[in-house]
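Novice:
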Amino acid sequence: MEFRKLAEDFSKIESTTKRIAMTDYLSDILRQAGPGIIGKVVYLIQGKLYPPFMGIEIGMAEKLTVRSVAIATGIPPKDITRSLSRTGDIGDTVYEELSAVHHEVKKPLTVSEVYGALDKIARTSGPGSTEAKINMLADLLKRAIPLEAKYIVRTVTGKLRLGVADMTVLDSLADTYGGGRQSRPPIERAYNMTSDLGAVAEAVARGGVGALSGFKITVGKPIRPMLAERLKTPQEILAKTGGECVAEYKYDGERVQIHKKGSEIILFSRRLENITKQYPDVVELAKNTIVSDTSIIEAEIVALDPDTGEMRPFQELMRRRRKYGVKEMAKEFPASLLYFDCLYTNGRDLTETPFLKRREELTQIIKPLVRAKLVEYTLTVNAKQLEEFFEKAIQDGTEGVICKAIGPHTYYQAGSRGWLWIKYKREYRSEMTDTVDLVVVGAYYGRGKRAGVYGSLLTAIYSPETDTFKTITRLGAGFTDKDLAELPKMLEPYKIEKRHPRVDAKERPNVWFVPGLVLEVIGAEITLSPLHTAGFNRFRKGSGLAIRFPRFTGRYRTDKSPEDATTEQEIIEMYESKLHKVT
Ligand code: AMP
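Following the working numbering, the numbering of the sequence shown begins with 21 at its first residue and continues without gaps.
(1) Starting from Thr586, trace the alpha helix (DSSP H) both ways and give me its first and last residue.
(2) Could you work out which residue in Glu583, Lys509 and Ile58 is closest to Thr196 when comparing CA atoms only?
(3) Considering only DSSP beta bridges, list what Gly462 is partnered with.
(4) Report the rounded CA-to-CA distance for Thr373 versus Val395, giving the unit in angstroms.
(5) Expressed to the nearest angstrom, what Euclidean distance is found between the alpha-carbon atoms of Leu247 and Lys307?
(6) Can you name the start and end residues of the beta strand (DSSP E) that Ile546 belongs to?
(7) Does the Cβ-Cβ distance between Leu182 and Tyr211 come in under 8 Å?
(8) DSSP three-state label for Glu372, please.
(9) Taking 6 Å as the limit between beta carbons, can you name the residues of its chain near Thr144, skipping five residues before and five after?
(10) Which residues bound the alpha helix (DSSP H) around Tyr211?
(11) Please state whether DSSP places Gln384 in a helix, a strand or coil.
(12) Please identify the residue among Val346, His122, Ser105 and Thr130 whose C-alpha is closest to the C-alpha of Gly56.
(13) What does Ile442 pair with, by DSSP beta-bridge criteria?
(14) I'd like to know whether the C-beta atoms of Phe235 and Thr214 end up nearer to each other than 8 Å.
(15) Among Ala194, Gln433, Gly462 and Thr309, which has the Cα closest to the Cα of Ile386?
(16) Alpha carbons only, please: which of Asn294, Thr398, Ala137 and Tyr514 is nearest the one belonging to Ile172?
(17) Which residues bound the beta strand (DSSP E) around Asp361?
(18) Please name the residue in Met510, Gly345 and Lys162 whose C-alpha comes closest to that of Val114.
(19) Output yes or no for whether 8 Å exceeds the beta carbon distance between Val541 and Pro570.
(20) Could you name the residues of the same chain whose beta carbon sits closer than 6 Å to that of Val121, not counting the 5 residues immediately before and after it, in chain order?
(21) How big is the Cα-Cα spacing for Thr587 and Pro484?
(22) Alpha carbons only, please: which of Leu495, Ala480, Leu548 and Met594 is nearest the one belonging to Pro582?
(23) Would you kindly work out how many angstroms separate the C-alpha atoms of Glu28 and Ile237, rounded to a whole number?
(24) Flag this pair as yes or no: are the beta carbons of Asp186 and Leu160 separated by less than 8 Å?
(25) Who are the near neighbours of Asp112 in its chain, counting only those whose CB is closer than 8 Å to its CB and skipping five residues on each side?
(26) What are the residues that DSSP puts in a beta bridge with Asp524?
(27) Counting Cβ pairs closer than 8 Å, one from the stretch 398–414 and one from the stretch 451–470, do we hit at least three?
(28) Return yes when the Cβ of Tyr444 is within less than 8 Å of the Cβ of Gly420, no when it is not.
(29) Hey, Gln52 and Lys83: beta-carbon distance below 8 Å or not?
(30) How would you label Thr547, buried or exposed, when you count the other beta carbons within 10 angstroms and need 16 or more for buried?
(31) Measure the beta-carbon distance from Thr553 to Gly564 and round it to whole angstroms, keeping in mind my assumption that it falls under 8 Å.
(32) Look at Glu318 and Phe353 and say whether their C-beta atoms are less than 8 Å apart.
(33) Which value, in whole angstroms, describes the spacing of the CA atoms of Phe556 and Arg39?
(34) Mapping the DSSP letters down to three states, classify Ala139 as helix, strand or coil.
(35) With distances taken from CA atoms, which of Ala525, Val346 and Ser450 is nearest Thr296?
(36) Can you tell me which of the three DSSP states Ala273 falls into?
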C-alpha cells in the first residue's frame with residue numbers, strides 16, 4: 021500500500037464533519053490495507069506505532085523536526101521556525117515549505133517503508149541518538165510529497181489527532197472483514213481481552229471472525245477495564261442490583277491492573293499505559309502480597325501520609341506520575357494498594373466467573389499486609405445499612421462506595437460501563453481554601469515511626485455561644501520530627517485526667533488537655549461527619565462538620581488564646597460558601 025493513499029484518506033477524514041463519511045474513509049483504508057499491513061495502519065491512524073501498553077513512543081520535539089525539515093529542504097531553520105509561529109502547526113508548515121521548494125520524488129513511499137523508518141526513529145536511543153533521529157527523519161522527508169510529510173511530522177511529534185475512536189475502528193472491521201455488524205461482539209471481545217487493536221485487525225483481515233478464537237487473556241497485555249454507572253440513592257442502587265449487593269469503599273486514587281508472572285510485575289493504568297516504573301514501591305507491595313504464580317489483579321493505588329499512615333488526597337498521588345525523581349517521590353508520598361478484583365489466576369480466565377467467586381479467588385491469593393490488602397467491603401440487603409456503610413466510607417477519607425451486583429451472571433464486563441457496578445458518591449463538596457486556627461484538646465499515642473510521641477492531635481473550634489470547644493478533626497500531618505519531639509513537652513502543662521468540661525467531643529483520645537495550644541491548619545475540604553461535634557445537627561441530623569485531610573502549616577499561634585481560635589459560626593459559613601455540586 022502506498023503511503024500517499026493513507027495520507028489522502030487522513031486528509032479527507034480531517035476535513036469532513038460527517039461521522040458517516042469518516043467511517044466510510046476508514047473502511048476504505050482498512051479494505052485497501054489488507055492482511056500483512058492492516059495492523060500497522062491501525063496504529064498509524066491513531067498516531068502510534070504499537071498499542072499504548074507497549075509504551076513505545078516516537079516523541080520527537082518540534083524543535084528537532086524543524087532541523088530535519090531544514091536538512092530535507094535546504095531552507096534555514098529560522099525561516100521554518102518563523103513559519104511555524106505563523107501556522108501554529110508543524111504539519112502545515114512542512115506542507116507549505118515542501119510545496120515551495122522543487123521537490124522531486126522518484127519512488128513512491130510505501131506504508132511499510134514509512135512505518136519502518138518511524139519505528140527505527142522510535143527505537144534509537146543513547147548517546148548521539150538525537151542527531152541520528154534528526155537525520156533519519158530528514159531522509160524520510162526527502163522522499164515524501166508535501167501531503168505525506170505533513171502527516172509524518174505530525175506523527176513523530178505526537179500531534180496526529182484524527183479523532184478516530186477505537187470503537188469506530190471495530191465497527192469498520194466488522195463491516196469490512198467480518199461480514200457485517202453481527203460480528204461486532206466477538207471482535208470487540210477480542211479487543212477487550214488484549215487491548216491490541218492492530219493485532220485484532222490483522223487477525224480479522226486474515227481469517228475473519230473465526231480467527232479470533234485464539235485471542236485469550238495474556239499476562240502482560242492489559243484487559244480493558246470494567247466501569248461503573250452512577251446512582252443517587254441506596255434504594256435505586258438496590259433496585260438495580262436485585263435487592264442485594266457488595267458495597268466496597270471507593271478509594272480516591274489511581275486504578276491499576278497488576279500483571280504477575282513469576283517474580284515479574286507489570287502495572288497498567290486505567291488508560292492502559294505501562295506505569296511500572298513510576299511505582300517501584302507498588303511493585304514491591306504486589307510481589308510481597310500476591311502469592312499465585314500468574315495472575316491479573318485490579319487494585320486502587322492510594323497515597324499515604326508517611327508519618328501517620330493516613331490516606332492523602334489524589335493530587336498528591338498524581339505528583340508521582342513523573343519520569344525523574346521517582347524514588348524521592350515514593351518516599352514523600354508512599355503508596356498503599358487496595359485490591360478489588362481478580363481476572364485471571366494460574367492459567368484460568370475468571371472474566372466469566374461471577375463476582376463473589378472472583379472475590380473468593382482474590383482472597384485466596386492475597387496475603388495481606390497493612391499497606392496492601394483487600395478493599396473494605398460489606399454485603400448489604402437494605403438501604404439503611406448501605407447508607408451507614410457509605411457514611412463510614414466518607415468518614416474514612418474515601419469518595420463513597422461502589423456497589424457490586426452478586427448474582428450468577430455478574431461477569432467482568434471488560435471495556436464497558438454497566439449496571440453490575442454502581443457508584444454512590446457524595447453529591448456535594450465544600451473545598452477549603454483558607455487556613456483555620458484550631459485548639460488542641462486531646463492526643464492519640466503514636467505507633468511505628470511515631471512510637472513514644474503523639475501520633476495525632478484531637479483539635480477543636482470555639483463556640484462563643486456555648487463557651488465550649490467542639491471537635492472538628494484529628495490532625496496528624498504536617499509535623500516535622502522536631503515538632504513531634506517537642507509537642508509532648510509543649511502540651512505537658514495542659515494534660516488532665518478526663519475530658520475538660522468546656523470540651524464537647526464524641527472522640528475518645530488517649531490523653532486529654534485543657535484547651536490552650538492553638539495551631540494553624542489547612543485541609544482539603546469540610547465534610548459532614550458523625551464523629552465530630554462542630555456544627556452538630558446543623559446540616560444533617562446526627563452529623564457535625566469535619567476537616568478532611570488536615571495538615572499543620574507549621575505555625576504555632578501562641579499569639580492567640582483558645583477563645584481567639586476559629587469559631588463555630590466561621591466554620592459553618594466556610595462550609596456553606598464553598599458548597600458545590602459534584603459533577
Ligand atoms: P469513576 O472514575 O468515578 O468512574 O469511578 C470508578 C473508579 O473508581 C475506578 O476506575 C477505580 O479507579 C476507582 N475505585 C476505587 N475503589 C474501587 C473499588 N472498590 N472497586 C472498583 N473501582 C474502584
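Ideal Cβ placement from N, Cα and C applies to all residues, glycine included. In this text the structure is predicted, and so the values were computed from the model without any measurement.
Specialist: Here's the rundown:
(1) If you number the sequence shown from 1, residue 586 lands on position 566. That residue, Thr586, is in no alpha helix (DSSP H); it is neither H nor E in DSSP.
(2) Translated into the one-based positions of the sequence shown, residue 196 becomes position 176. Ranking Glu583, Lys509 and Ile58 by Cα distance to Thr196 puts Ile58 first.
(3) Numbered from its first residue, the sequence shown carries residue 462 at position 442. Paired residues: Leu478 and Trp532.
(4) As a position in the sequence shown, residue 373 is number 353, starting the count at 1. As a position in the sequence shown, residue 395 is number 375, starting the count at 1. If you take the alpha carbons of Thr373 and Val395, they lie about 20 Å apart.
(5) What you label residue 247 is simply residue 227 of the sequence shown in a count that begins at 1. What you label residue 307 is simply residue 287 of the sequence shown in a count that begins at 1. C-alpha separation (whole angstroms): 26 Å.
(6) For the purposes of this step, residue 546 is taken as residue 526 along the sequence shown, with counting starting at 1. Run containing Ile546: Glu545 to Ser549, per the beta strand (DSSP E) assignment.
(7) Position 162 of the sequence shown, counted from the start, is the residue given in the question as residue 182. Position 191 of the sequence shown, counted from the start, is the residue given in the question as residue 211. No.
(8) In the sequence shown, residue 372 corresponds to position 352, counting from 1. The answer is coil: DSSP assigns Glu372 none of H, G, I, E or B.
(9) Your numbering for residue 144 matches position 124 in the sequence shown. Result list for Thr144: Ala152 and Lys153, in chain order.
(10) Stepping through the sequence shown from its first residue, residue 211 is reached at position 191. It spans Arg204 to Thr214 - the alpha helix (DSSP H) in which Tyr211 sits, taken as one unbroken run.
(11) Translated into the one-based positions of the sequence shown, residue 384 becomes position 364. Note: Gln384 maps to helix in three-state DSSP.
(12) If you number the sequence shown from 1, residue 56 lands on position 36. Minimum Cα distance to Gly56 is reached at Thr130.
(13) Sequence index remark: in the sequence shown, residue 442 carries index 422 (1-based). DSSP, once it has assigned bridges, lists Glu249 and Cys423 as partnering Ile442.
(14) Within the sequence shown, residue 235 is the residue found at index 215, counting from 1. Within the sequence shown, residue 214 is the residue found at index 194, counting from 1. Between Phe235 and Thr214, the C-beta spacing is below 8 Å.
(15) The count along the sequence shown starts at 1 and reaches residue 386 at position 366. Per the Cα distances, Thr309.
(16) Numbered from its first residue, the sequence shown carries residue 172 at position 152. Considering only alpha carbons, the answer is Ala137.
(17) Along the sequence shown, one-based indexing puts residue 361 at 341. Asp361 -> beta strand (DSSP E) spans Ala355 to Thr365.
(18) Here residue 114 is taken as the residue at index 94 of the sequence shown, counted from 1. Proximity to Val114 across Met510, Gly345 and Lys162 peaks at Lys162, based on C-alpha coordinates.
(19) Here the question's residue 541 lines up with position 521 in the sequence shown. Here the question's residue 570 lines up with position 550 in the sequence shown. A Cβ-Cβ contact shorter than 8 Å links Val541 with Pro570.
(20) The residue given as residue 121 occupies position 101 in the sequence shown. Taken in chain order, the residues that qualify are Thr93.
(21) By one-based count along the sequence shown, residue 587 stands at place 567. By one-based count along the sequence shown, residue 484 stands at place 464. So the two alpha carbons sit approximately 7 Å from each other.
(22) Reading the sequence shown from its first residue, position 562 is the one you call residue 582. Nearest option by C-alpha distance: Ala480.
(23) Sequence index remark: in the sequence shown, residue 28 carries index 8 (1-based). Sequence index remark: in the sequence shown, residue 237 carries index 217 (1-based). One C-alpha to the other measures close to 36 Å.
(24) Taking the sequence shown and counting its residues from 1, the one referred to as residue 186 is at position 166. Taking the sequence shown and counting its residues from 1, the one referred to as residue 160 is at position 140. No, Cβ-Cβ distance for Asp186 and Leu160 is not below 8 Å.
(25) On the sequence shown, position 92 is the one that residue 112 refers to. For Asp112, where only same-chain residues beyond five positions count, the Cβ hits under 8 Å are Lys170.
(26) On the sequence shown, position 504 is the one that residue 524 refers to. According to DSSP, Asp524 bridges with Lys490.
(27) no
(28) In the sequence shown, the residue the question calls residue 420 occupies position 400. In the sequence shown, the residue the question calls residue 444 occupies position 424. Yes, these two residues count as a Cβ contact at 8 Å.
(29) What you label residue 52 is simply residue 32 of the sequence shown in a count that begins at 1. What you label residue 83 is simply residue 63 of the sequence shown in a count that begins at 1. No; because the gap between Cβ atoms is not below 8 Å, this pair is not in contact.
(30) In the sequence shown, the residue the question calls residue 547 occupies position 527. Its Cβ being crowded by 16 or more others within 10 Å, Thr547 is buried.
(31) If you number the sequence shown from 1, residue 553 lands on position 533. If you number the sequence shown from 1, residue 564 lands on position 544. The Cβ separation is near 5 Å, so the contact holds.
(32) Numbered from 1 along the sequence shown, position 298 holds the residue referred to as residue 318. Numbered from 1 along the sequence shown, position 333 holds the residue referred to as residue 353. For Glu318 and Phe353, no; Cβs fall outside 8 Å.
(33) On the sequence shown, residue 556 is found 536 positions in, with the first residue counted as 1. On the sequence shown, residue 39 is found 19 positions in, with the first residue counted as 1. Distance between the alpha carbons of Phe556 and Arg39: 55 Å.
(34) Here residue 139 is taken as the residue at index 119 of the sequence shown, counted from 1. Per the sequence shown, the amino acid found at residue 139 is Asp instead of Ala. In this structure, Asp139 counts as helix in the three-state DSSP scheme.
(35) Within the sequence shown, numbered from 1, the residue matching residue 296 stands at position 276. Taking only the C-alpha atoms, the option nearest Thr296 is Val346.
(36) Against the sequence shown, residue 273 aligns to sequence position 253. This sequence places Gly at residue 273; Ala is not what is there. Note: Gly273 maps to coil in three-state DSSP.
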